[in-house]
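Q:
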Amino acid sequence: MSVIELKNIEKRFGDVSVLEDINITVNKNEWVSIMGPSGSGKTTLLNIFSLMDNPTEGEYLFNGEDVSGFDEAKQLLFRREKIGLIFQQFHLIPYLTALENVMLAQYYHSAADEEDARAVLAKVGLSHRLTHRPSQLSGGEQQRLCIARALINDPEILLADEPTGNLDADNEKVIFELFAELKKEGKTLITITHNRELGALGDRVVMLHHGRQVSVHHAHHGHHKHGDHHNNIEGIL
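Using numbering that gives the first Met the number 0, the final residue of the sequence shown is 236, and nothing's skipped along the way.
1. Using only the alpha-carbon positions, how far apart do K27 and Q135 sit?
2. Under a Cβ-count criterion, where at least 16 other Cβ atoms within 10 Å of its own Cβ denotes burial, should G139 be classed as buried or exposed?
3. Going by Cα to Cα distance, which pick from N7, K6, M34 and L18 is closest to G210?
4. From L150, N194, I151 and F178, pick the residue whose C-alpha is nearest to that of D167; which is it?
5. Tell me which residues share the same chain as E233 and place their Cβ nearer than 8 Å to its Cβ, disregarding the 5 neighbours each side in the sequence.
6. Pull up the distance between the alpha-carbon of I174 and that of D160, whole angstroms please.
7. Let me confirm a value: Y59 is counted as buried when at least 16 other C-beta atoms fall within 10 Å, else exposed. Which label applies?
8. Apply the 10 Å Cβ neighbour rule to P36 and answer buried if 16 or more other Cβ atoms are within range, or exposed otherwise.
9. What residues in its chain sit with their C-beta under 7 Å from that of S49, if we drop five residues either side in the sequence?
10. Exposed or buried, what is A97 when buried is set at 16 or more other beta-carbons lying within 10 Å of its beta-carbon?
11. In chain order, what residues of the same chain lie with their CB nearer than 6 Å to the CB of G164, ignoring the 5 residues before and after it?
12. Using 10 angstroms around the beta-carbon of S67, count the other beta-carbons present and answer buried if the total reaches 16, otherwise exposed.
13. Give every residue of the same chain whose Cβ lies closer than 8 Å to the Cβ of N7, excluding the five residues on either side of it in the sequence, and list them in chain order.
Pasting the structure below:
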C-alpha cells in the first residue's frame, strides 16, 4: 500500500528547472534510497517530501490526500505528525541534555513525555547518555540522538538527509544497523545519500541526475555479491 505518491513533480526557481517529471511511489514499510551526484536535485526533493517546499507543478499524495497545496499551519502539523526528519547537520540544542533535546521535539506534552523519551533513547543505545549535552557526545552519538528525536512522535515516514555524511566507518555501521532494525520494526524510510553502502541497503534505489530520474532499481538482498549494487550506482555518482 502506498504512503507517498509523487506525480509529475516539477520544481522551478525562476527560469531554472531543478526537478523535472519526478514520479516516485513509496509503499508502507519500504526503504527507498534517493541517490545522485551533487546538484542532481536531491535536497530539493527532500524539501518537497517534507513539505518544507511546494512543487511548482504536479501532485504530492500522502495516504491518498494531495498535500502539496497545504498552507503553512497545515504543513507544520504534517511535519510534526507524519515525518521524522534526520539531518546531516544535527540541529541539536547545545545547552539541553540528550533527554531534553528529545522531549523538546514531542508534539503532545504529557506526564508520559519523559518515559517515552527515555524509551526512544534506549532504542538508539543512549540510555547511558541521558544527561549529557551534545558537546559531550561523539558524532555518532549525536546522530543517534537525532534519530531518537525523529522517532519520538512515531512518524509514518523517516526522512534522512545524508545521515552518515559526518561519520567515520564504525559509526556509519551503527547507523546502518539501526536503520535496518527500524525497517524490520515496520517503519517506512527514505534516505537521501551519497553513500553507496547505505544506498544499497534500501529496497529500491532512485537515481537522480540533473533533476531527472534516470533509473530505479530494486535491491535483491542476499541474491547478489556485495559489489554488484555498487557497480550500478557507480555509473552515476
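By construction, the Cβ of each residue, glycine as well, lies at the ideal position given by its N, Cα and C atoms.
A: Let me lay it out:
1. 37 Å
2. buried
3. L18
4. N194
5. Caution is warranted here: a pLDDT of 47 is assigned to E233, below 50, making its placement in the model unreliable, and no coordinate value can be reported.
6. 13 Å
7. buried
8. exposed
9. For S49, where only same-chain residues beyond five positions count, the Cβ hits under 7 Å are R78, I82, L84 and L158.
10. buried
11. The answer, listed in chain order, is Q87.
12. buried
13. Once the five neighbours on either side are set aside, the close Cβ partners of N7 are D20, I21, N22, E56, G57 and E58.
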